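Using the working numbering, you'd call the opening residue of the sequence shown number 190 and step up by one each time. Backbone N, C-alpha and C define an ideal beta-carbon position, used for all residues, glycine too. Note that the coordinates shown come from a computational prediction; the quantities given were computed from them, not determined experimentally. Below is one structure, written out as structure tokens, with a few remarks after it.
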Amino acid sequence: MRSRSNHLIRTVSTRTYSLFIVKNNLDYILHTKHTEYMSPLYPIIKKRKRHPTFLNRMKQVAEIALPTGSLNQTFHYIIDTKESELLGRRVLVPFRNRFLSGMVIDLLTLEEHQKQKNKDYELLEIKEILDDKPIFDSTMLRLLRWISTYYMAPLGETIRAALPPNISPKSISALELLHFPSVSEMEKLRRKAKRRADIVEYLGKQKKATKISTIQRSLGITINTNQIEELIKAGYVRYIKDIETQVKIRTENAYKIIPTLSDEELHKILDSVEKRAKKQYQVLTKLISAKSDYILQSTLLKETGATTQVLNTLIKKGMIEKSLLEIKHKTEEAGGLASRDEEELELTEEQQNAVEAITQAVDDNKFKPFLLHGVTGSGKTLVYMHAIRKAINDGKSAMLLVPEISLTPQLIDRFEKVFPNQIAAIHSKLSDGQRLDEFNSILRGEKRIVIGARSGVFAPLQNLGLIIVDEEHELSYKQDKTPRYHGRDTALMRANFEKAVCVLGSATPSFETMANALGGKYNLLEIKKRADNAVLPEVEVIDMLDAHKAGKVSGAFSLTLVNEIIQNIKNEEGTILFLNRRGFAPVLECQSCGNIPVCKHCDVTLTLHKKYKQLRCHYCGYMEPVKPSCSECGGEQKEIGFGTQRVEQDLDDILKAEGLTPNIQRIDLDTTTKKGAFRKILTDFAKGKTDILIGTQMVAKGLDFSRCTLVGVINADLQLFIDDFRSSERTFQLLTQVSGRAGRSKDRGRVIIQSNHPDNPAVINAKTANFSKFFNYEMHSRKQTQFPPFSRFCTIEFSGKDYHLVCTASRFIFENMPPDESIIKYAPIEPYLARIKDTFRIILPIKSLKNLDVSGAKLRRSIKTALYHYRQIDSNKVMVKVDIDSYSIV
Ligand code: ADP
Ligand code: ZN
190 MRSRSNHLIR TVSTRTYSLF IVKNNLDYIL HTKHTEYMSP LYPIIKKRKR HPTFLNRMKQ
250 VAEIALPTGS LNQTFHYIID TKESELLGRR VLVPFRNRFL SGMVIDLLTL EEHQKQKNKD
310 YELLEIKEIL DDKPIFDSTM LRLLRWISTY YMAPLGETIR AALPPNISPK SISALELLHF
370 PSVSEMEKLR RKAKRRADIV EYLGKQKKAT KISTIQRSLG ITINTNQIEE LIKAGYVRYI
430 KDIETQVKIR TENAYKIIPT LSDEELHKIL DSVEKRAKKQ YQVLTKLISA KSDYILQSTL
490 LKETGATTQV LNTLIKKGMI EKSLLEIKHK TEEAGGLASR DEEELELTEE QQNAVEAITQ
550 AVDDNKFKPF LLHGVTGSGK TLVYMHAIRK AINDGKSAML LVPEISLTPQ LIDRFEKVFP
610 NQIAAIHSKL SDGQRLDEFN SILRGEKRIV IGARSGVFAP LQNLGLIIVD EEHELSYKQD
670 KTPRYHGRDT ALMRANFEKA VCVLGSATPS FETMANALGG KYNLLEIKKR ADNAVLPEVE
730 VIDMLDAHKA GKVSGAFSLT LVNEIIQNIK NEEGTILFLN RRGFAPVLEC QSCGNIPVCK
790 HCDVTLTLHK KYKQLRCHYC GYMEPVKPSC SECGGEQKEI GFGTQRVEQD LDDILKAEGL
850 TPNIQRIDLD TTTKKGAFRK ILTDFAKGKT DILIGTQMVA KGLDFSRCTL VGVINADLQL
910 FIDDFRSSER TFQLLTQVSG RAGRSKDRGR VIIQSNHPDN PAVINAKTAN FSKFFNYEMH
970 SRKQTQFPPF SRFCTIEFSG KDYHLVCTAS RFIFENMPPD ESIIKYAPIE PYLARIKDTF
1030 RIILPIKSLK NLDVSGAKLR RSIKTALYHY RQIDSNKVMV KVDIDSYSIV
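Okay, here's the thing in structure tokens:
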């Protein structure tokens, strides 16, 4: 009863002109217990009848997605439809005992609402519309719904993931007492609503704004939004919005001369001012010289030494005007890493063919997917540039997605050079404020080209004509937390909904994509030759076991590689060395008892970081100092294996012995945490200040330096024996990509791959850069084992502190998934990382055969059913994560 009548009051009170009605009805409702009020909508309807003003005031029901964590939950609220374009705008709504921000995703009539929700659904009014204009249009909302369905993620969380981080006020969490009721008021309040009286009394004692959660705890009650609303309306308290930690648009006051003043009038003003007020005179001359431009307050005050008082006086006199300008958050200086305007290059024949096919498709205004399969250095980037140019010339917008790791300053500079000031770059190195700036400039249509990592796919571009997904095979396109969407697949879906062209580019396409292209689902474009007449590098594989036997190894280096490096230093050419493992050594082993220090919280060995004299866990961040001897037996410890730090130090020693002191630079997670560090390292290498770059995956991707003529792969096998059906594919991709960094100019590059398994198909075929041979070989075994692309591979991960509960949960789901001929499920397994941060993990692998379940609907239904049953008995102690199209079982 309480909430329903309150709801009515809120409905009315949002408008000042109907205040008297509020009062009347308030009394009426508080004193009636009539059953007709059982229908939540009744009061509104009734009021419309009684008060003609309400007839014109259209109220509607809005479906709102809230980030509440539960699947399939959207909520209905009343919204004022005098506002148009409500879809895709964020709103603040009361939810349980707090306020949440969500998004309007649909509008319904009362009848539709009643059909969907049951009778006693509490229909409340939204509190505030947060955006002036929609953030997402109906196509984007459709995309977000698709993600939510396909990846089985709550829509509210999906929307949150699509928005720049921390822009929505999360909750209103504190109350402040404005005015303490008089004794008689208090008495009345206590009679009417004891809870509310308690709250006021409590706040009176606190004498400061207090968190709602604190009030609840202290009084042992739950406060609902209705009670708060009532207290506010009575004028006793006010909300404090908890948005301090959120990013805001930065604004600053700025001033300019009143534009309507003529020159003559300006002179008169200046003359009159000069004698009396020097500061006013200075401000005016400054603003006059800026003509019609605004000058920021801070600049103005600094340069003239005036005070705000002076500015206010001038405003009062009608000489200048003030406005609030949006200021951008500071960004890194771009430029410098692009050597030329590439658009001026003449396209090769293969490039030309690709560009023609794509631009033709852009003209057709239809969804059309392409796979651009071009060897490394084939000039795919140039194809992208021409395709984007076409979209822009046609008045459309364009998007280029790249893996986070290859969203390098160099790439952005290359595009900036061709499309100056037209690019919005979205990546993880931006601050929240910078992201918001980029998002807004896209929303306003100021920037029509987006270059972004995975989440760039949500950029609110209008009239999207083209989406390019570069390095489409990269695993980093898959998001590893809810919503677990795949950036490439989402891009294809968005292009589909937007009727746009989608180009997937790679030198080493994923098997899924290649199978789709060969099967005719995508249009295949190929570039087989390197651009600029450069040839593919000469690749040599060194059998490290043989080299060891022959005594031709020094530390992690074969002598062949050492000699090549020395040669390169003498020629003053650049060398890149690749090792996919950071730190100094992967393990420290006791020579007498064989003990290896492991992480206290995870089932992994600790990595030695020699420089810091520490052992570190790369999974949870745990660190401990290196002990002088084995903690088990006191024996002597030896460093086993190599990380980038050790390779750097060893190489330095080897070269010093040869009388060489080149500049060596390491590039991995440990050396690039500082802002701008990555850019500096790359610039130094491009300019020849650095001779040798040693790095993890960071060097494998997208770098294009003509001075790099030698690439060395320290250990090709690191990826190969990970227990994952994609490990061979990954190895082939990595080796091919790293090799592609060599010899991107006229000089033929050289690549040396060191491996203990030189006969492995991934290694052999990477040597000859023979994609199709490797593809055919691997596809054969994928087919036999029914792994992707022949099936959809999914996992359900169970994790928790209690191993037994985790096991039970996984068995329960396994047994309760209704069988279907399209589903192959496997008994739960312990993954390689069975424990991380003191949390146990169990994984349930599932394959869903694509030919029997095209959309994946059968799979989802089966999982949902099992989850539904599980929730009935759930202890809440086990986390269950469903990962559709999973890319990891380690
Ligand atoms: P990919 O992305 O296919 O690996 P890039 O786009 O980075 O290759 O191109 C490799 C190099 O070749 C770049 O320096 C690029 O400027 C150059 N290049 C591309 N196309 C041409 C062309 N048609 N003529 C001359 N140089 C080209
Ligand atoms: Zn750990």
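Could you give the distance in angstroms between the alpha-carbon of residue i and the alpha-carbon of residue j?
{"i": "Val724", "j": "Arg937", "result": "6 Å"}
{"i": "Lys864", "j": "Glu627", "result": "18 Å"}
{"i": "Val839", "j": "Gln1061", "result": "Reading the sequence as shown, one finds Asp at residue 839 and not Val. Cα to Cα, the separation comes out at about 59 Å."}
{"i": "Arg1030", "j": "Lys670", "result": "15 Å"}
{"i": "Ser157", "j": "Ser620", "result": "With the chain covering only 190 through 1079, there is no way to say anything about residue 157."}
{"i": "Arg382", "j": "His993", "result": "Per the sequence shown, residue 382 should be read as Ala rather than Arg. Roughly 48 Å between the two C-alpha positions."}
{"i": "Gln973", "j": "Val1069", "result": "30 Å"}
{"i": "Ser695", "j": "Thr414", "result": "53 Å"}
{"i": "Ile1052", "j": "Gln305", "result": "24 Å"}
{"i": "Gly823", "j": "Leu804", "result": "17 Å"}
{"i": "Thr347", "j": "Met588", "result": "20 Å"}
{"i": "Lys708", "j": "Phe964", "result": "Looking at the sequence itself, residue 708 is Gly, so the reference to Lys does not match. Roughly 14 Å separates the two Cα atoms."}
{"i": "Ile883", "j": "Ala905", "result": "15 Å"}
{"i": "Pro229", "j": "Glu311", "result": "Note that Pro229 scores a pLDDT of 29, beneath 50, so its modelled location is shaky and nothing firm can be said."}
{"i": "Asp602", "j": "Glu661", "result": "21 Å"}
{"i": "Ile233", "j": "Met375", "result": "Confidence is the limiting factor: at Ile233 the pLDDT is only 33, short of 50, which leaves the residue's position unreliable, though a coordinate-based value still follows. Taking the straight line joining both Cα atoms gives about 30 Å."}
{"i": "Gln756", "j": "Ser327", "result": "60 Å"}
{"i": "Val995", "j": "Leu1022", "result": "15 Å"}
{"i": "Val793", "j": "Val787", "result": "6 Å"}
{"i": "Asn752", "j": "Cys809", "result": "39 Å"}
{"i": "Ala706", "j": "Leu600", "result": "27 Å"}
{"i": "His807", "j": "Asn685", "result": "39 Å"}
{"i": "Leu333", "j": "Leu713", "result": "28 Å"}
{"i": "Ile484", "j": "Ile656", "result": "39 Å"}
Roughly how far, in whole angstroms, is the beta-carbon of residue i from the beta-carbon of residue j, given that I think they are within contact range, below 8 Å?
{"i": "Val426", "j": "Leu378", "result": "Going by Cβ atoms, the distance from Val426 to Leu378 rounds to 12 Å, so no, they are not a contact pair."}
{"i": "Val692", "j": "Phe559", "result": "5 Å"}
{"i": "Val551", "j": "Lys579", "result": "5 Å"}
{"i": "Ile870", "j": "Ile853", "result": "That pair is no contact at about 11 Å."}
{"i": "Leu153", "j": "Gly676", "result": "Nothing about residue 153 can be reported from this structure: the residues present for the chain run from 190 to 1079 only."}
{"i": "Phe767", "j": "Val888", "result": "6 Å"}
{"i": "Ile315", "j": "Ile268", "result": "5 Å"}
Between residue i and the ligand ADP, is the CB less than 6 Å from at least one heavy atom?
{"i": "Asp1042", "result": "no"}
{"i": "Thr898", "result": "no"}
{"i": "Gly566", "result": "yes"}
{"i": "Gly563", "result": "yes"}
{"i": "Lys569", "result": "yes"}
{"i": "Asp669", "result": "no"}
{"i": "Glu531", "result": "yes"}
{"i": "Ala736", "result": "no"}
{"i": "Thr298", "result": "no"}
{"i": "Asp137", "result": "No answer is possible for residue 137: it lies beyond the span of the chain, which begins at 190 and ends at 1079."}
{"i": "Thr925", "result": "no"}
{"i": "Thr537", "result": "yes"}
{"i": "Leu534", "result": "yes"}
Who does residue i pair with in a DSSP beta bridge?
{"i": "Val282", "result": "Leu289"}
{"i": "Asn852", "result": "None; Asn852 has no bridge partner."}
{"i": "Gly409", "result": "For Gly409, which the question treats as bridged, DSSP gives no partner whatsoever."}
{"i": "Ile1031", "result": "Phe987"}
{"i": "Gln803", "result": "His798 and Pro814"}
{"i": "Ile942", "result": "Val730 and Val902"}
{"i": "Leu766", "result": "Ile883 and Gly901"}
{"i": "Gln826", "result": "Cys779"}
Quick one: does residue i have its CB under 7 Å from some CB of chain B?
{"i": "Arg331", "result": "The structure shown contains no chain B; it is built from a single protein chain."}
contact_flag[the region 833–840, the region 759–772] where n(CB pairs < 8 Å) is 3 or more:
yes
Is the number of C-beta pairs between the region 370–377 and the region 330–344 that are closer than 8 Å three or more?
no
Please confirm if the region 530–541 is in contact with the region 558–570, defined as three or more CB-CB distances below 8 Å between the two stretches.
yes
Count the CB pairs spanning the region 1043–1052 and the region 1004–1018 that are closer than 8 Å, and state whether there are at least three.
yes
If contact is defined by three or more beta carbon pairs under 8 Å, each pair taking one atom from either stretch, is the region 499–509 in contact with the region 463–473?
yes
With three or more beta-carbon pairs closer than 8 Å as the criterion, would you say the region 978–990 touches the region 1032–1050?
yes
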